[in-house]
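>
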Amino acid sequence: MTSTNERMNDQQQLNNDDEIDLFDLIDDIWSHKRWVFIGLFTTVILAGLYLFNATPVYQTEAKVKSATANDLTEFSRPQLADIYTLDVEKAFSSAKSALLSTGYRKEFYELKLDEIKAIPDAYNEKLTLEQNFSNFSEQFSVKTSGIKDTESFVQVSLKSSDAEFASELLNEFVEYALFRRLRDSYDTML
Numbered sequence: 001m002t003s004t005n006e007r008m009n010d011q012q013q014l015n016n017d018d019e020i021d022l023f024d025l026i027d028d029i030w031s032h033k034r035w036v037f038i039g040l041f042t043t044v045i046l047a048g049l050y051l052f053n054a055t056p057v058y059q060t061e062a063k064v065k066s067a068t069a070n071d072l073t074e075f076s077r078p079q080l081a082d083i084y085t086l087d088v089e090k091a092f093s094s095a096k097s098a099l100l101s102t103g104y105r106k107e108f109y110e111l112k113l114d115e116i117k118a119i120p121d122a123y124n125e126k127l128t129l130e131q132n133f134s135n136f137s138e139q140f141s142v143k144t145s146g147i148k149d150t151e152s153f154v155q156v157s158l159k160s161s162d163a164e165f166a167s168e169l170l171n172e173f174v175e176y177a178l179f180r181r182l183r184d185s186y187d188t189m190l
């Protein structure tokens, strides 16, 4: 019986050795308080320097939604029935392909290159036009609506250090892509 009690005592002793004594831990930290405060102070200073030196990055978004049948009456006139008609699905599909088009994005980039060069981090003189366009495309993203979404949309977003410029550029791109797609459709029709 005593050997069983001794084994249980030894096992409790081992279990107690695994436990962390909170008061001992606090005493150990307090004995090294100088290093704790130096580390804390250094971390706060570095965080403050980063905060003041970091350039903010803004993300602007434009969401293009599917048109209604009333919006398309101009394109679906009875007089044009034999020549050209446009239904809601076809119109949205056309707009979606225009916004997803890398060709339109590149043409727009080349068109607005002088404005883009004015923004720091948006253009690098040491890189070629293709490399700069590739960097621009990384800041540019297009997302289409999924199956779970209740409405059809295309969301175009752009990241930049200048929020106003990014907003204007994004709106101009959406307008350019949609107008360009409409013009290309009319050109193929004629």
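Residue 158 in this note's numbering sits at position 158 of the sequence shown; the count goes up by one each step and never skips.
Yeah, the Cβ is synthetic: ideal placement off N, Cα and C, and Gly gets one too.
Need the endpoints of the alpha helix (DSSP H) that residue 158 sits in, please.
Taking the first residue of the sequence shown as 1, we reach residue 158 at position 158. In the DSSP annotation of this structure, residue 158 is not part of any alpha helix (DSSP H); the continuous beta strand (DSSP E) holding it starts and ends at 153-160.
> Determine the direct distance from the alpha carbon of residue 128 to that of residue 111, and round the result to whole angstroms.
On the sequence shown, residue 111 is found 111 positions in, with the first residue counted as 1. On the sequence shown, residue 128 is found 128 positions in, with the first residue counted as 1. Approximately 16 Å between the Cα atoms of the pair.
> With burial defined as no fewer than 16 other Cβ atoms inside 10 Å of the residue's Cβ, what is the status of residue 68: buried or exposed?
The sequence position of residue 68 within the sequence shown is 68, counting from 1. That one is exposed.
> Specify the secondary structure class of residue 148 as computed by DSSP and reduced to three states.
Numbered from 1 along the sequence shown, position 148 holds the residue referred to as residue 148. Three-state result, residue 148: coil.
> Please look up how many angstroms separate the CB atoms of residue 183 and residue 104, rounded, as I've assumed it's under 8 Å.
Here residue 183 refers to the residue found at position 183 when the sequence shown is read from its first residue. Here residue 104 refers to the residue found at position 104 when the sequence shown is read from its first residue. Actually they do not touch by this definition, with Cβ atoms about 11 Å apart.
> Three or more C-beta pairs under 8 Å: does that hold for the region 45-57 against the region 159-169?
Counting Cβ pairs under 8 Å, three or more are found: they touch.
> Return the first residue and the last residue of the beta strand (DSSP E) that residue 50 is part of.
Indexing the sequence shown from 1 puts residue 50 at position 50. Element bounds for residue 50: not the beta strand (DSSP E) but the alpha helix (DSSP H), 33-53.
> DSSP puts residue 59 in a beta bridge; with which residues?
Walking along the sequence shown from the start, residue 59 turns up at place 59. Answer is 159.
> Suppose the cutoff is 7 Å on Cβ atoms and the five residues either side in sequence are ignored; what does the same chain contact list for residue 98 look like?
On the sequence shown, position 98 is the one that residue 98 refers to. So the list reads 104, 177, 178, 180, 181, once near-sequence residues are dropped.
> Label residue 174 either buried or exposed according to how many other C-beta atoms from any shown protein chain fall within 10 Å of its C-beta, with 16 as the threshold for buried.
In the sequence shown, counting from the first residue as 1, residue 174 sits at position 174. The C-beta of residue 174 has 16 or more other C-beta atoms within 10 Å across all chains shown, which makes the residue buried.
> Determine the closest residue to residue 168 out of 146, 121, 116, 131, with distance taken between C-alpha atoms.
Walking along the sequence shown from the start, residue 168 turns up at place 168. Closest option to residue 168, Cα to Cα, is 116.
> Comparing alpha-carbon positions, which option in 50, 166, 35, 39 lies nearest residue 139?
Counting from 1 along the sequence shown, the entry for residue 139 is found at position 139. Ranking the options by Cα distance to residue 139, first place goes to 166.
> Beta-carbon within less than 6 Å of residue 135's beta-carbon, same chain only, minus the 5 sequence neighbours each way: which residues are those?
For the purposes of this step, residue 135 is taken as the residue at position 135 of the sequence shown. Same-chain partners within the cutoff: there are none.
> Which residues bound the alpha helix (DSSP H) around residue 125?
The residue given as residue 125 occupies position 125 in the sequence shown. Segment: none, residue 125 is in no alpha helix (DSSP H) and carries neither H nor E.
> Whose CA, out of 150, 186, 142, 146, lies closest to the CA of residue 61?
As a working mapping, residue 61 is identified with position 61 in the sequence shown. Among 150, 186, 142, 146, the Cα nearest to that of residue 61 is on 142.
> By DSSP's criteria, residue 140 is part of a beta bridge. Which residues make up the other side?
Walking along the sequence shown from the start, residue 140 turns up at place 140. DSSP, once it has assigned bridges, lists 158 as partnering residue 140.
> Could you check the C-alpha separation between residue 95 and residue 66 for me, to the nearest Å?
As a position in the sequence shown, residue 95 is number 95, starting the count at 1. As a position in the sequence shown, residue 66 is number 66, starting the count at 1. Approximately 9 Å, taken between the alpha carbons.
> If we ignore side chains and look at the alpha-carbon of each, how far apart do residue 170 and residue 63 end up?
Against the sequence shown, residue 170 aligns to sequence position 170. Against the sequence shown, residue 63 aligns to sequence position 63. Each residue's Cα considered, the two are about 10 Å apart.
> What does a CB cutoff of less than 8 Å around residue 172 pick up in its chain, not counting 5 residues either side in sequence?
Here residue 172 refers to the residue found at position 172 of the sequence shown. Cβ neighbours of residue 172 beyond the five flanking positions: 108, 112.
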